[in-house]
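Visitor: I'd like to ask you about the structure that follows.
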Amino acid sequence: NQAFAPYQTEQVEAGVKWDLGRFGGGFSVFDVKKPVGSVQVIDDTTAVFVVLDQQRHKGAELSLFGEAARGLKLLGGLSWIDAELSASGKQAIGVPRHQFNIGTEWTPAAWPDLALNARLVRTASQWADAANTFEVPAWTRLDVGARWNTELAGTPLALRLRVDNLLGKDYWASAGGYPGANYLVLGGPRALSLSASVDF
Numbered sequence: 027n028q029a030f031a032p033y034q035t036e037q038v039e040a041g042v043k044w045d046l047g048r049f050g051g052g053f054s055v056f057d058v059k060k061p062v063g064s065v066q067v068i069d070d071t072t073a074v075f076v077v078l079d080q081q082r083h084k085g086a087e088l089s090l091f092g093e094a095a096r097g098l099k100l101l102g103g104l105s106w107i108d109a110e111l112s113a114s115g116k117q118a119i120g121v122p123r124h125q126f127n128i129g130t131e132w133t134p135a136a137w138p139d140l141a142l143n144a145r146l147v148r149t150a151s152q153w154a155d156a157a158n159t160f161e162v163p164a165w166t167r168l169d170v171g172a173r174w175n176t177e178l179a180g181t182p183l184a185l186r187l188r189v190d191n192l193l194g195k196d197y198w199a200s201a202g203g204y205p206g207a208n209y210l211v212l213g214g215p216r217a218l219s220l221s222a223s224v225d226f
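Using this note's numbering, the first residue of the sequence shown is number 27, and each one after it goes up by one.
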């Protein structure tokens, strides 16, 4: 096995945060450089790990939170990333250019112990191979849920219902792996969960 010197990465980031009472958020830009390695097969019995290239991530992130109306809370974020391999000029494996998510929770004034929530996630397409010939399609997922705060023998009890992937979409969630050893991650199916928590 070949011994490498410690990896060195470079990162430059700048940002701003704000809080206006009912609303707040943050914005940042970044530039990250890091080495990229891979396993190269020499023959039937030999494989070595080598540093092939440098990967550079340039991008920006925006996050927002607040109370749009009485009892209605919002939380969301948007990111843009340009992930390029310096030597080849190709896009990095498994890095979508855009990602967006927004979540909301609503507590009806008439039922203050009830909270209804939803989350929408959108991920852009991403490359699954180093040559940028196979692309994993973009996908969108909707999750919903509810929480009911009550008591059990005088002890606070929270009952939760959650449905992930409400629309039952089939999708590949992400791609990854070293060049030549790629894999895909399958998105989860529609899933219903019930839970309860007690505060002692």
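All C-beta atoms in this analysis are idealised placements derived from N, C-alpha and C, irrespective of residue type, glycine included.
(1) Could you check which residue in S219, N191, E93, G214 has the C-alpha nearest to that of L185?
(2) Here's the rule: buried if 16 or more other CB atoms are within 10 angstroms of the residue's CB, otherwise exposed. What is S221?
(3) Does D70 come out as helix, strand or coil in the three-state DSSP assignment?
(4) Rounding to the nearest angstrom, what Cα-Cα distance links D169 and W44 in this structure?
(5) Quick one, which of G129, Q66, Q80 has its alpha-carbon nearest L142's?
(6) At the level of alpha carbons, what is the spacing between R188 and R145?
(7) Is any beta-carbon of chain D found at less than 9 Å from that of L212?
(8) Counting pairs of Cβ atoms below 8 Å between the stretch 68–82 and the stretch 91–104, do you hit three or more?
(9) If you measure from the CB of N175, is any heavy atom of the ligand NAP nearer than 8 Å?
(10) Using only alpha-carbon positions, find the residue among K99, T133, K116, W153 that is nearest to P122.
(11) Taking the C-alpha atoms as reference points, what is the distance between V42 and S223?
(12) Measuring straight from C-alpha to C-alpha, what distance separates G115 and L101?
(13) Per the contact definition of three or more C-beta pairs closer than 8 Å, is the stretch 171–182 in contact with the stretch 194–202?
(14) Identify the residues that DSSP records as bridge partners of N175: which are they?
(15) What separation, rounded to the nearest whole angstrom, lies between the Cα atoms of Q34 and W165?
(16) How far does the beta strand (DSSP E) with F126 in it reach, from first residue to last?
(17) Out of T181, F126, R148, G213, which one is the CA nearest neighbour of L104?
(18) Per DSSP, what are the beta-bridge partners of S89 in this structure?
(19) Check whether the Cβ atoms of R216 and L192 sit closer than 9 Å, and answer yes or no.
(20) If we call anything under 9 Å between Cβ atoms a contact, is A156 one with L210?
(21) Grouping DSSP H, G and I as helix and E and B as strand, with all else coil, what is Y33?
Guide: Let me spell this out:
(1) Of the candidates S219, N191, E93, G214, the one whose C-alpha sits nearest the C-alpha of L185 is S219.
(2) exposed
(3) Assigned with DSSP and collapsed to three states, D70 falls in coil, not helix or strand.
(4) 28 Å
(5) G129
(6) 11 Å
(7) Of the chains in the structure shown, none is chain D; there is only one protein chain.
(8) No, because fewer than three Cβ pairs between the stretch 68–82 and the stretch 91–104 fall closer than 8 Å, the two stretches do not touch.
(9) This structure lacks the ligand NAP; in fact it carries no ligand of any kind.
(10) W153
(11) If you take the alpha carbons of V42 and S223, they lie about 37 Å apart.
(12) 35 Å
(13) no
(14) For N175, the beta-bridge partners assigned by DSSP are A184.
(15) 34 Å
(16) Annotation for F126: the continuous beta strand (DSSP E) segment containing it runs 124–132.
(17) F126
(18) G52, G103
(19) yes
(20) no
(21) coil
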